[in-house]
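First residue of the sequence shown: 1386, per the numbering used here; consecutive thereafter. Right, one structure below, let's go through it.
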Amino acid sequence: MVAEHTLAIISDQVPTITQGHYMAGPDGKNEPEWIERVKSGGAVPLLEPDNCPNGWASPPGDKFMVRGPGYLSNKVKVRAGEYLLKPLGFDWLRSSTKIDEVLTYRNNRVRRAIQDEFPTGDKPFVWAFNIQVPSKDNLSAIAYFVATKPAPEGSLMDQFLKGDDNFRNSRLKLIANVVQGPWIVRKAVGEQAICIIGRALSCKYCIGENFLEVDVDIGSSMMASAIVHLALGYITTLTVDLAFVIEGQTESELPEQLLGAFRFSQLNPASAQLIEPASYGSTGGLQTSLSIRLWKSIGHGFSSLLNPGQCRHKKMINQKFLMAPLRVAYRGGLIKLF
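Next comes the structure, spelled out in structure tokens:
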């Protein structure tokens, strides 16, 4: 459980993020200067969504389909629209060990920027999604977002922050779109793959007084790991959108709204910043929690893996589907990856 004083900060004391001078962002909107510094300070640049080679961008929310207001009765999805959180930054990192709990590192650049801008008093609340890529370089793609106002009492976001790992694992959803890439990767991922992350992969939640970090271990699933290895072979040609949403399961929780989304395009593993967690330093004493539920069913390629319906109904999976992604990989000459 999160300590009582921490919950008070989460729910009631998120400060305004408008402190400081303003600069024009890529979309022409004025941003606080400290946010622009964080956005542009990573190992790969912030660029326009339509042209971001070896960079990252914030794709429009309407690129994603989410559950509409009447979804429980009509199963109709709608375009997502604006994010609930404000994009703050992106890190492309590598290390000798798996990278996790990055917001506990004293030298984490997002942490430092907020500390410099808000040395006293309340600080903006940051969300971080750390996609841990199974590879010899222990790559991590980390997207940061910041709350512009407190989560309304009783809202899904409020419940997510105050809830336990079981609740988080049952609600946090990933939407993946391969915008550009070779046929074999698009075939493996499918069109707008969707997954309740905690039901398919191992997630660790690290909570501090002004942040929540979700570390998503792709290597905890054999199938996800195999497909990511496949994608890594083409990563310098891939453009991928990833969005995060807390699933609405009752009428009052609909329509769904995106927490945030990011796009990475044609990333070069060599451009990832090399860090050593020991040299960055961990604050320690933070409330962290780990709830692991390994995947128990494998569908036809990544689209089936990242399909909440098939995650929940294992009877739909059979041996024929299990072998399908291997055949696709073999035709592409990549059976050695499995």
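Note that CB positions come from ideal geometry on N, CA and C, so glycine has one too.
Going by the beta-carbon positions, is the gap between residue i and residue j smaller than 8 angstroms?
{"i": "L1623", "j": "G1575", "result": "no"}
{"i": "A1657", "j": "A1465", "result": "no"}
{"i": "V1511", "j": "V1531", "result": "yes"}
{"i": "L1478", "j": "I1527", "result": "yes"}
{"i": "R1495", "j": "V1423", "result": "The sequence shown places Val at residue 1495, not Arg. Going by C-beta atoms, V1495 is nearer than 8 angstroms to V1423."}
{"i": "R1648", "j": "V1625", "result": "yes"}
{"i": "L1652", "j": "I1620", "result": "yes"}
{"i": "S1650", "j": "P1438", "result": "yes"}
{"i": "I1579", "j": "V1601", "result": "no"}
{"i": "S1606", "j": "L1586", "result": "yes"}
{"i": "C1591", "j": "T1489", "result": "yes"}
{"i": "P1472", "j": "S1443", "result": "yes"}
{"i": "L1457", "j": "E1636", "result": "yes"}
{"i": "W1419", "j": "E1538", "result": "no"}
How would you write the range of the beta strand (DSSP E) that residue i sits in, first residue to last?
{"i": "V1564", "result": "1557 to 1565"}
{"i": "V1625", "result": "1624 to 1631"}
{"i": "D1600", "result": "1596 to 1602"}
{"i": "S1650", "result": "1643 to 1650"}
{"i": "G1593", "result": "1587 to 1593"}
{"i": "L1639", "result": "Neither: L1639 is in no beta strand (DSSP E) and is coded neither H nor E."}
{"i": "G1474", "result": "1471 to 1479"}
{"i": "A1350", "result": "Lying outside 1386 to 1723, the shown extent of the chain, residue 1350 is not represented and no answer is given."}
Just mark residue i as buried or exposed, buried being the case when its beta carbon has 16 or more other beta carbons within 10 Å.
{"i": "N1595", "result": "buried"}
{"i": "G1455", "result": "exposed"}
{"i": "A1655", "result": "exposed"}
{"i": "G1474", "result": "buried"}
{"i": "K1521", "result": "exposed"}
{"i": "V1461", "result": "exposed"}
{"i": "F1629", "result": "buried"}
{"i": "E1421", "result": "buried"}
{"i": "Q1500", "result": "exposed"}
{"i": "W1441", "result": "buried"}
{"i": "M1542", "result": "buried"}
{"i": "Y1407", "result": "Below a pLDDT of 50, predicted positions are generally treated as unreliable, and Y1407, at 40, falls in that range; the measurement from the model is reported next regardless. Y1407 is exposed by the Cβ-count criterion."}
{"i": "E1641", "result": "buried"}
{"i": "W1568", "result": "exposed"}
{"i": "R1556", "result": "buried"}
{"i": "R1379", "result": "Absent from the model: residue 1379. The displayed extent of the chain is 1386 to 1723, so no value can be given."}
{"i": "K1700", "result": "Any answer about K1700 is weak, because its pLDDT of 37 lies below 50 and its placement is not dependable; what the coordinates show is given next. Exposed, because fewer than 16 other Cβ atoms sit within 10 Å of the Cβ of K1700."}
{"i": "L1470", "result": "buried"}
{"i": "D1476", "result": "buried"}
{"i": "N1493", "result": "buried"}
{"i": "N1415", "result": "exposed"}
{"i": "K1534", "result": "exposed"}
Along the alpha helix (DSSP H) that carries residue i, what are the first and last residues, could you check?
{"i": "A1526", "result": "Careful: A1526 lies outside any alpha helix (DSSP H), inside the beta strand (DSSP E) at 1524 to 1531."}
{"i": "S1610", "result": "1607 to 1617"}
{"i": "A1573", "result": "1568 to 1574"}
{"i": "K1534", "result": "First-last for K1534: undefined, no H or E at that position."}
{"i": "D1543", "result": "1541 to 1547"}
{"i": "C1420", "result": "A quick correction: the sequence has Ile, not Cys, at residue 1420. Its alpha helix (DSSP H) spans residues 1418 to 1425."}
Between residue i and residue j, how many whole angstroms is the CB-CB distance? I'm expecting something under 8 angstroms.
{"i": "E1632", "j": "K1558", "result": "5 angstroms"}
{"i": "A1646", "j": "Y1468", "result": "7 angstroms"}
{"i": "G1661", "j": "S1525", "result": "Correcting the residue identity first, residue 1661 is Glu in this sequence and not Gly. So it is not a contact: roughly 13 angstroms between Cβ atoms."}
{"i": "I1449", "j": "L1597", "result": "Note on identity: in this sequence residue 1449 is Phe, with Ile being the wrong assignment. Not really, about 21 angstroms apart at Cβ, beyond 8 angstroms."}
{"i": "N1554", "j": "R1584", "result": "7 angstroms"}
{"i": "N1562", "j": "Q1577", "result": "5 angstroms"}
{"i": "N1523", "j": "I1484", "result": "6 angstroms"}
{"i": "L1617", "j": "V1570", "result": "With a Cβ gap of about 10 angstroms, L1617 and V1570 do not count as contacting."}
{"i": "F1514", "j": "V1599", "result": "5 angstroms"}
Going along the chain, which unbroken runs of the beta strand (DSSP E) with 3 or more residues stay wholly within the region 1429 to 1463? 1440 to 1442, 1450 to 1452
Please give the ranges of any beta strand (DSSP E) in the region 1484 to 1522, keeping only runs that are unbroken, at least 3 residues long and fully inside the region. 1511 to 1518
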